[in-house]
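Under our numbering, the sequence shown is numbered contiguously, ending at residue 1603. Backbone N, C-alpha and C define an ideal beta-carbon position, used for all residues, glycine too. See structure below.
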Amino acid sequence: MSPTAHPTILVIGKSGQLARVLQAESAFWPYHVTCIGRDICDLSGPNAAILEALAPYKTACAVINAAAYTQVDKAEDEPDLAMQINGHAPGVIAGFCQRLNIPLIHISTDYVFNGRGRNGSGRTAYRPSDPTAPMNAYGLSKRAGEKAVMAYAGGAVLRASWLFDGYGDNFFTKMIELAKTRSELSIVSDQIGRPVDTTSLAKACFSVVSNHSHSIYHIACNGAETSWAGFAKAIFRAAPPAVLPDIAVTNIAAKDYKTKAVRPAYSVLDNRKFQQDYQTRLPDWRDMIDLAWQQYLTVHPS
Ligand SMILES: NC(=O)c1ccc[n+]([C@@H]2O[C@H](COP(=O)([O-])OP(=O)(O)OC[C@H]3O[C@@H](n4cnc5c(N)ncnc54)[C@H](OP(=O)(O)O)[C@@H]3O)[C@@H](O)[C@H]2O)c1
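Shown next, in the form of structure tokens:
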């Protein structure tokens, strides 16, 4: 069967981490994926231009919005641009989908929360229905996008946290690049989350396309909660022999690692609603580190 015999999912985003994995992962699903980059659909542009770019895809069986302004610190300097791309454009996309009755899957983030945990407990994972309270311009813009998408009955929001793989520009690949040139790294140990790999997020997107639900879902891997320092240590522990020199990770406090945007101290996402509704179990993030290493080594053979 030729790939075009499958219904087409339109993915907005092309070179981004998730968009690329959606394209690759589609080989295992009964869908044909068409990705469009900002050269075709610029989400910072006027509504009419976005709608014109989407017009050729009126027969898509679903739209996945994997595009976003993702530079968390830079968003503090460009809040209007972040809001246009993350907050306003998803509403335009939702309007397009609504007129044509096309399900829309939109990706959001743990940064819509204030970092105090469920009920301010500081230590209990957030459920999808918990109140949001973004702490930075990026989080505010992403929350606006969620609201715009959920205003459409065919919209679904998948919140991801600490997204990584061996291909993209993310914490996993950054740690490896740093470890190649340093013998010691100081990493924040008092921000707590639970990572998710791009493959698991892509699979979740296809599951929601296959059995659409007008819901917000939390897509984080299973496994112990961790800090950025804990994540880094796990990455280095899983390194194949002789790939990296010995590296020491020193724990530091977020207050000693200044960033333009404030980040949540605790943003673990409770994934049980997704697992229950889709009768599935997300993998342990530590197992997905092994996959990320395999991916990394295909791109950077030693
Ligand atoms: N990275 C994380 O740690 C993380 C964590 C939680 C949630 N998320 C969310 O997960 C989703 C996917 O993130 P990602 O890491 O895959 O993002 P990414 O690698 O930074 O890629 C961003 C994507 O957005 C597109 N884009 C940026 N500006 C655009 C514009 N003006 N018009 C159209 N497209 C534009 C890019 O388009 P081109 O293809 O043309 O370059 C690219 O495909 C996003 O919604 C993000 O907020 C990410």
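Margin query: Counting C-beta neighbours from all protein chains within 10 Å, is the total for residue 1304 16 or more, i.e. buried, or is it exposed?
Written below: Here residue 1304 is taken as the residue at index 3 of the sequence shown, counted from 1. Summary for residue 1304: the model assigns pLDDT 49, below 50, so the residue's position carries little reliability; its value from the coordinates is reported in the next sentence. In summary, residue 1304 is exposed, with fewer than 16 beta-carbon neighbours lying within 10 Å of its beta-carbon over all protein chains present.
Next item on the list: Could you name the residues that DSSP lists as bridge partners for residue 1336?
Entry: Against the sequence shown, residue 1336 aligns to sequence position 35. 1312.
Notebook entry, point to check: Could you give the uninterrupted runs of the alpha helix (DSSP H) lying entirely in the segment 1562–1600, keeping only those of 4 residues or more?
Noted result: Within the segment 1562–1600, the complete alpha helix (DSSP H) segments of 4 residues or longer fall at 1573–1578 and 1586–1600, listed in chain order.
Next item on the list: List the residues that DSSP assigns as beta-bridge partners of residue 1551.
Entry: In the sequence shown, residue 1551 corresponds to position 250, counting from 1. BP columns for residue 1551 point to 1487.
Item checked: residue 1465, DSSP secondary structure in three states -> In the sequence shown, counting from the first residue as 1, residue 1465 sits at position 164. Residue 1465 sits in a strand when the DSSP states are folded into three classes.
Checklist line | For residue 1495, three-class secondary structure by DSSP | finding: The residue labelled residue 1495 in the question sits at position 194 within the sequence shown. Collapsing the DSSP output to three states places residue 1495 in coil.
Notebook entry, point to check: Around the C-beta of residue 1595, are 16 or more other C-beta atoms found within 10 angstroms, so that it is buried, or is it exposed?
Noted result: Within the sequence shown, the letter at position 294 stands for residue 1595. Exposed, since its Cβ has fewer than 16 Cβ neighbours within 10 Å.
Next item on the list: Compute the Euclidean distance between the alpha carbons of residue 1584 and residue 1523, then round it to the nearest angstrom.
Entry: Reading the sequence shown from its first residue, position 283 is the one you call residue 1584. Reading the sequence shown from its first residue, position 222 is the one you call residue 1523. The straight-line gap from Cα to Cα measures roughly 6 Å.
Check: How many Å lie between residue 1465 and residue 1591 at the Cα?
Finding: Taking the first residue of the sequence shown as 1, we reach residue 1465 at position 164. Taking the first residue of the sequence shown as 1, we reach residue 1591 at position 290. Near 12 Å, if we compare the C-alpha coordinates of residue 1591 and residue 1465.
Notebook entry, point to check: According to the Cβ coordinates, are residue 1490 and residue 1548 closer than 8 Å?
Noted result: Taking the sequence shown and counting its residues from 1, the one referred to as residue 1490 is at position 189. Taking the sequence shown and counting its residues from 1, the one referred to as residue 1548 is at position 247. Not closer than 8 Å, so no.
Note to self: Just to check my reading of the structure: residue 1402 and residue 1455 have Cβ atoms closer than 8 Å, yes? What is that Cβ distance to the nearest angstrom?
What the structure shows: Taking the first residue of the sequence shown as 1, we reach residue 1402 at position 101. Taking the first residue of the sequence shown as 1, we reach residue 1455 at position 154. Confirmed, about 7 Å.
Note to self: Taking the beta carbon of residue 1381 as the centre, do at least 16 other beta carbons fall within 10 Å, making it buried, or is it exposed?
What the structure shows: Position 80 of the sequence shown, counting from 1, holds the residue named residue 1381. Exposed: under 16 other Cβ atoms inside 10 Å.
Margin query: Between the alpha carbons of residue 1559 and residue 1330, how many angstroms are there, rounded?
Written below: Along the sequence shown, one-based indexing puts residue 1559 at 258. Along the sequence shown, one-based indexing puts residue 1330 at 29. When rounded, the distance between both Cα atoms is 43 Å.
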